[in-house]
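Below is one structure; the comments refer to it alone.
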Amino acid sequence: MGKLLKLGVIFPQTEIGTNPDDVREYAVAAEALGFDYLLAYDHVLGAGRATRPDWDGPYSFEDSFYEPFVLFSHLAACTSSIELATGVVILPQRQTALVAKQAATLDVLSGGRLRLGIGTGWNEVEYQGLREVFNNRGIRSEEQIEVMRALWSNELVNFEGRWHSINDAGINPLPVQRPIPVWIGGNNERVFRRIGQVADGWISTNFPRPDDHARRIIDRIHGYARDAGRDPKVIGLETWVSAHDVESGRAASKVAGWQEFGATHVGVVTMGAGYESVAEHIKAIDNFMTEVELRLNC
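Written out as structure tokens, the structure is:
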């Protein structure tokens, strides 16, 4: 398997605990095992379920989440080559210029290793707590991407949009990558259109296997890219396999299948497999890498 396909690990946010040594050990092990990237989820606020009897969100206040920019600033000092990817930062619940500044700083401190995955989220509780509007979050995110790219690429920016106004101002230092890659996560038609029009890649998490359904969606994204005058080949594709796939010996075949579909990144998720220590999570990603190398001759 050539290096066109990058292999990654999904940071076990909700299960790794609060021991800084475990966090550092996991990242260092992932890099030593040869993984190309480490991706971390993002949630700022967790909702209390007791006061929301109809709440059906996948996460609550009981689930721990490290803030990704702070986490990656720490891990940038512990590692030297592994890419640090957000998957995904809920961009519309944050101030755009501040995210651009944080991302640029992290890119500098990591030596150009940031890939910024963004999304619009599903948790209205977070938007309320952060005093941001929930119901226009998708369309706002498009302007946010435009503003960030301008700030990353120019010393001074003049921008007047629907939601942003910048008058002859800029961030310093500028990032190593100008601009930082912006990938979008999500799985609905508006997201697919947005990816085709403006994103550097799509982070897809809802497809268990490369099949006709996944192919149709990829084709639609590529169609939106062509409609926008873009070459579909410049749009990356990331998908994930689970620790259960590793345990059952299906991981390598899924990775191979996704590679045939044009995937550029495949990550392994070890959360939800019943592991109780960081050593077990590390063993699982080691097994994944071994299986993939044996099957696909990395």
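In the numbering used here, the protein residues as written are -13 to 284. All residues carry an ideal CB built from backbone N, CA and C; glycine is no exception. All values reported here derive from a predicted model rather than from experimental measurement.
Taking a contact as a CB-CB distance under 8 Å, the pair GLU277 and GLY243 does not count as one, their CB atoms being some 14 Å apart.
If one requires a minimum length of 4 residues, the alpha helix (DSSP H) runs lying completely within the segment 35 to 106 are 54 to 64, 82 to 95, in chain order.
Taking the CA atoms as reference points, GLY258 sits about 37 Å from TRP138. Just measuring C-alpha positions, the residue of PHE(-3), LEU160, ILE166 sitting nearest ILE104 is ILE166. In the assembly as shown, LYS219 is an exposed residue. Its beta-carbon has fewer than 16 other beta-carbons within 10 Å. For ASN153, the secondary structure class from DSSP, reduced to helix, strand or coil, is strand.
Annotation for GLU224: no alpha helix (DSSP H) segment contains it, though the beta strand (DSSP E) segment containing it runs 222 to 228.
CA-to-CA, the gap between ARG123 and LEU77 works out to about 8 Å. By the neighbour-count criterion, in which 16 or more other beta carbons inside 10 Å mark a residue as buried, LEU70 falls on the buried side. Restricting attention to LEU95, PHE58, ALA136, GLN245, the CA atom closest to the CA of SER151 is found in ALA136.
A Cβ-Cβ contact shorter than 9 Å links LEU102 with VAL75. The three-state secondary structure of ASN144, taken from DSSP, is strand. Between the segment 84 to 93 and the segment -9 to 6 there are fewer than three inter-stretch CB-CB distances shorter than 8 Å, so the stretches are not counted as touching.
Taking C-alpha positions only, GLY32 is separated from PHE120 by approximately 16 Å. For the options THR72, ALA200, SER50, the alpha carbon positioned closest to that of SER59 is the one of THR72.
If you compare the alpha carbons of THR91, GLU112, VAL168, GLY20 with that of GLU129, the shortest gap goes to VAL168. Contact between the segment 153 to 163 and the segment 202 to 219 is not established, with fewer than three Cβ pairs separated by less than 8 Å. Contact between VAL184 and SER228 fails: their C-beta atoms lie close to 30 Å from each other, not under 8 Å. Take ARG10, set aside five residues on each side of it, and the residues of its chain with a beta-carbon closer than 7 Å to its own are CYS64, in chain order. Classified as buried, ASN109 has 16 or more neighbouring CB atoms from the shown chains inside 10 Å of its CB. For GLY243, the three-state secondary structure derived from DSSP is helix.
If you draw a straight line from the Cα of LYS269 to the Cα of TRP149, it comes to about 47 Å. In this structure VAL252 is in contact with LEU(-9), their Cβ atoms being roughly 7 Å apart against a cut-off of 8 Å. Per DSSP, the unbroken beta strand (DSSP E) holding HIS251 starts and ends at 251 to 255. Cβ-Cβ distances below 8 Å link GLY156 to LEU137, ASN140, GLU141, LEU142, VAL143 in the same chain, with the five nearest sequence neighbours on each side left out; the list follows chain order. With fewer than 16 other CB atoms across the displayed protein chains lying within 10 angstroms of its CB, ALA214 is exposed. Note that the C-beta distance between VAL264 and TYR27 is not below 9 Å. Residues of the same chain with a CB within less than 7 Å of the CB of ASP154, apart from the 5 flanking positions on each side, are LEU142, ASN144 in chain order. Secondary structure of ALA26 (DSSP, three-state): strand. GLY235 sits in coil when the DSSP states are folded into three classes, being neither helix nor strand. Per DSSP, reduced to three states, the secondary structure at VAL162 is coil, with no helix or strand assignment.
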